[in-house]
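Right, one structure below, let's go through it.
Here is the structure:
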């Protein structure tokens, strides 16, 4: 049996790394990288570092508008599907590669499964929310990471079959954290001692609006007055900060500004922090799994279990940002198992195998 996975952005790669070994034991596993975000060489380094075979196809879609990316992904993935004729297609998360891969498959008559199905922000202005809703409603098998995601899918009456599998990130982190601790020298490279604040920022809602971005920069400068702050900055975000005249204030504030980090370096950075400030869904989960307090720079999160359990703090940028409140906030305790256990990849593979062997489509 042949399974074809479609990925194309860093969040997809982490999920792929978590499932690849298991899928390869159960199936012939073909991997298609759309090249949505990075060039071939940058992707190759990621896969080499995590000791995962390079993708079988690199489509080189590159950056562009949402319409351009999705259209090119649909066209190019369909060509691969007609060549490979897989028994099943798997997409991951909520990127344009997720949407384009799913649409290419269902339009060409292939069955689709969605890893990380059912997550909802209930904010349709977010491109990711549009992507995940469409993908969930065209998928044949839906792999929900949490109970709330499962309930969302039932409430929407999606036509596919829904399963709670847990979050594949649990496997990825448990596998790679010990290796990151051993191999990565990121703290020495950046001149850090453990106990700093890690910041990540990438969502369009925070970076495209000059007023919001200015408020966030003000927050980061405020945090840096009291504690050591580390901010790996994506080139797109850096250019945005420079264009808006905000970069100088950041660079003169004592914040440690670095280039984007590889997965192992970033895990090492997170594991030695004392607080995480982010707008990323993946980083929220990694912070939880590492037992780090996490402040989410959004009014909502798809990972509601973390907030409801008091392990993540939502901070709405529009409502005002108080550095002292953020630095003084502490979770009341730790709740185990909110994202399931490390066996989500096996659960997904077993479901896929049973589905394909049954022929009950």
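In full-length UniProt numbering, the protein residues as written are 1 to 361.
Heads up, the beta-carbon is just placed ideally off N, CA and C, and yes, glycines get one too.
Which value, in whole angstroms, describes the spacing of the CA atoms of residue i and residue j?
{"i": "residue 187", "j": "residue 224", "result": "18 angstroms"}
{"i": "residue 371", "j": "residue 327", "result": "Examination of residue 371 is not possible in this model, given that the chain is present from 1 through 361 alone."}
{"i": "residue 28", "j": "residue 356", "result": "13 angstroms"}
{"i": "residue 76", "j": "residue 203", "result": "26 angstroms"}
{"i": "residue 5", "j": "residue 258", "result": "32 angstroms"}
{"i": "residue 418", "j": "residue 136", "result": "Nothing about residue 418 can be reported from this structure: the residues present for the chain run from 1 to 361 only."}
{"i": "residue 33", "j": "residue 12", "result": "9 angstroms"}
{"i": "residue 64", "j": "residue 332", "result": "43 angstroms"}
{"i": "residue 249", "j": "residue 9", "result": "30 angstroms"}
{"i": "residue 62", "j": "residue 184", "result": "29 angstroms"}
I need the boundaries of the alpha helix (DSSP H) containing residue i, first residue and last residue.
{"i": "residue 150", "result": "147-156"}
{"i": "residue 241", "result": "235-243"}
{"i": "residue 175", "result": "169-183"}
{"i": "residue 266", "result": "263-271"}
{"i": "residue 220", "result": "210-226"}
{"i": "residue 95", "result": "Neither: residue 95 is in no alpha helix (DSSP H) and is coded neither H nor E."}
{"i": "residue 360", "result": "Element bounds for residue 360: n/a, residue is neither H nor E."}
Based on the DSSP secondary-structure assignment, which residues constitute the bridge partners of residue i?
{"i": "residue 113", "result": "90, 141"}
{"i": "residue 29", "result": "3"}
{"i": "residue 278", "result": "296"}
{"i": "residue 162", "result": "142"}
{"i": "residue 57", "result": "32"}
Skipping 5 residues on each side, what residues in its chain have a beta carbon closer than 6 angstroms to that of residue i?
{"i": "residue 230", "result": "196, 198, 256"}
{"i": "residue 164", "result": "144, 150"}
{"i": "residue 322", "result": "none"}
Leaving out five residues on either side along the sequence, give the residues of the same chain with a beta carbon under 8 angstroms from the beta carbon of residue i.
{"i": "residue 362", "result": "The first residue shown for the chain is 1 and the last is 361, placing residue 362 beyond what the model contains."}
{"i": "residue 108", "result": "78, 81, 82"}
{"i": "residue 300", "result": "121, 122, 123, 314"}
So does residue i have its beta carbon nearer than 8 angstroms to some heavy atom of the ligand FMN?
{"i": "residue 299", "result": "As far as ligands go, the structure on display features none, and thus does not contain the ligand FMN."}
Over what stretch of residues does the beta strand (DSSP E) that includes residue i continue unbroken?
{"i": "residue 232", "result": "229-232"}
{"i": "residue 312", "result": "312-314"}
{"i": "residue 364", "result": "Residue 364 falls outside the range modelled here, since the chain spans only 1 to 361, and no answer is possible."}
{"i": "residue 258", "result": "256-258"}
{"i": "residue 199", "result": "196-199"}
Enumerate in chain order the residues of its own chain whose CB-to-CB distance from residue i is below 7 angstroms, with the five nearest sequence positions on each side excluded.
{"i": "residue 317", "result": "206, 212, 215, 216, 297"}
{"i": "residue 152", "result": "118, 120"}
Flag this pair as touching only if the region 84-97 and the region 106-125 have three or more C-beta atom pairs under 8 angstroms; answer yes or no.
yes
Pair every Cβ in the region 269-287 with every Cβ in the region 187-206, then say whether three or more of these pairs are closer than 8 angstroms.
yes
State whether the region 289-305 contacts the region 237-254, with contact taken as three or more CB pairs (one from each stretch) at a distance under 8 angstroms.
Fewer than three beta-carbon pairs drawn from the region 289-305 and the region 237-254 are found closer than 8 angstroms, and the two stretches are therefore not classed as touching.
Cβ pair count under 8 angstroms reaching 3, the region 277-290 against the region 159-169:
yes
Given 8 angstroms, three or more beta-carbon pairs between the region 3-21 and the region 51-69:
With a cut-off of 8 angstroms, the region 51-69 and the region 3-21 count as touching, because enough Cβ pairs lie within range.
Evaluate the contact criterion for the region 97-114 versus the region 132-146: three or more CB pairs, one atom per stretch, below 8 angstroms.
yes
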